[in-house]
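Trainee:
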Amino acid sequence: MAIFSRGFTGRPREAQPDLPPGQFLTEDFPVLSAGPTPTIAEADWSFTIKTELGATHSWSWDELQALPFEDVHTDIHCVTRWSKLATNWRGVSMDTLFADVESSYDYVMVHSTGGYTTNLPLEDILDGQAWITTEFDGEPLEPDHGGPARMIVPHLYFWKSAKWVRGITMQRSDAPGFWEQNGYHTYGNPWREERYS
């Protein structure tokens, strides 16, 4: 005896074309971190890009504030399956920070206070795809969410958007960062569900 009649497909699901597969919509902003939340004074914050030739490009907090800022309106997607749509950030484009950086390497390692790292292809943080942000919803970025400054790379899962960001080191190859060494996908495209390796 059949349990379901022919053609039964269950309850219809509400279409959510803005959500990648396997994600659910949240109005909250969940806090997830690999370690304790550091307290970083703006006067002590700096950001550095190091190339393979040993050149360093550095910005203090005040020097970052003097650069052109952009308003960024974007969706964000966490590997733990929540998505938050139409978020509002303010920050400096990575294009601005890389304007005078010369490197033949195609990959970067992003470094944060506390030792967190994440790897990215250089092409994924240029051309208007990534920012160092200092504001969320018109307010200074709270420490729990990466303040005073975090990187956002919104087209990838949010673990790639390093909190408490402090610098970037150019890399010849795509060596894994913290979560990538612990089983997460090397790239992390939410539309392909690249959650784990």
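Note that the sequence shown covers residues 1 to 197 in the UniProt record's numbering. Don't be surprised by glycine CBs; every beta carbon is placed ideally from N, CA and C.
Identify which residue in Met-170, Leu-85, His-73, Pro-176 has its Cα closest to the Cα of Leu-122.
Mentor: As a working mapping, residue 122 is identified with position 122 in the sequence shown. Among Met-170, Leu-85, His-73, Pro-176, the Cα nearest to that of Leu-122 belongs to Met-170.
Trainee: With Thr-37 as the anchor, note down where its beta strand (DSSP E) starts and where it stops.
Mentor: Within the sequence shown, numbered from 1, the residue matching residue 37 stands at position 37. Unbroken run through Thr-37: none, as it is neither H nor E.
Trainee: Could you tell me if Asn-182 is buried or exposed, where buried requires 16 or more neighbouring beta carbons within 10 angstroms of its beta carbon?
Mentor: As a first step, residue 182 is located in the sequence shown; it is residue number 182 there, counting from the start. Looking at its Cβ environment, which holds fewer than 16 other Cβ atoms inside 10 Å, Asn-182 is exposed.
Trainee: Quick one: give me the first and last residue of the beta strand (DSSP E) that Phe-47 is part of.
Mentor: Residue numbering aside, residue 47 sits at position 47 when the sequence shown is read from its first letter. 46-50 is the span of the beta strand (DSSP E), which, as asked, contains Phe-47.
Trainee: Please name the residue or residues paired with Lys-84 in a DSSP beta bridge.
Mentor: Here the question's residue 84 lines up with position 84 in the sequence shown. Beta-bridge pairing links Lys-84 to Ile-76.
Trainee: So, is Trp-59 buried or exposed, given that buried needs 16 or more other C-beta atoms within 10 angstroms?
Mentor: For the purposes of this step, residue 59 is identified with residue 59 of the sequence shown, where counting begins at 1. By the neighbour-count rule (16 or more Cβ atoms within 10 Å), Trp-59 is buried.
Trainee: Under the rule that 16 or more other beta-carbon atoms within 10 Å means buried, what is Leu-32, buried or exposed?
Mentor: Numbered from its first residue, the sequence shown carries residue 32 at position 32. So Leu-32 ends up on the exposed side.
Trainee: Measure the alpha-carbon distance for Leu-97 versus Trp-159 and round it to whole angstroms.
Mentor: By 1-based counting over the sequence shown, the position of residue 97 is 97. By 1-based counting over the sequence shown, the position of residue 159 is 159. Taking the straight line joining both Cα atoms gives about 21 Å.
Trainee: Go to Trp-61, then tell me how far its alpha helix (DSSP H) extends in each direction, as first and last residue.
Mentor: Taking the sequence shown and counting its residues from 1, the one referred to as residue 61 is at position 61. Unbroken alpha helix (DSSP H) run through Trp-61: 61-65.
Trainee: Quickly, what does DSSP pair Leu-120 with across the bridge? List them, please.
Mentor: Position 120 of the sequence shown, counted from the start, is the residue given in the question as residue 120. Paired residues: Val-108.
Trainee: I'd like to know whether the C-beta atoms of Val-108 and Ile-152 end up nearer to each other than 8 Å.
Mentor: Numbered from its first residue, the sequence shown carries residue 108 at position 108. Numbered from its first residue, the sequence shown carries residue 152 at position 152. It is not a contact, given that the beta carbons lie outside the stated cut-off.
Trainee: Is it true that the region 184-197 meets the region 132-144, where meeting means three or more beta-carbon pairs spaced less than 8 Å apart?
Mentor: Judged by Cβ distances under 8 Å, the region 184-197 makes no contact with the region 132-144, as fewer than three pairs qualify.
Trainee: Using 8 Å as the threshold, is the region 46-65 in touch with the region 73-83, meaning 3 or more CB pairs across them?
Mentor: They do not touch, by the three-pair rule.
Trainee: Quick check on Pro-25: does DSSP put it in helix, strand or coil?
Mentor: Within the sequence shown, the letter at position 25 stands for residue 25. According to the sequence shown, residue 25 is Leu rather than Pro. Strand at Leu-25.
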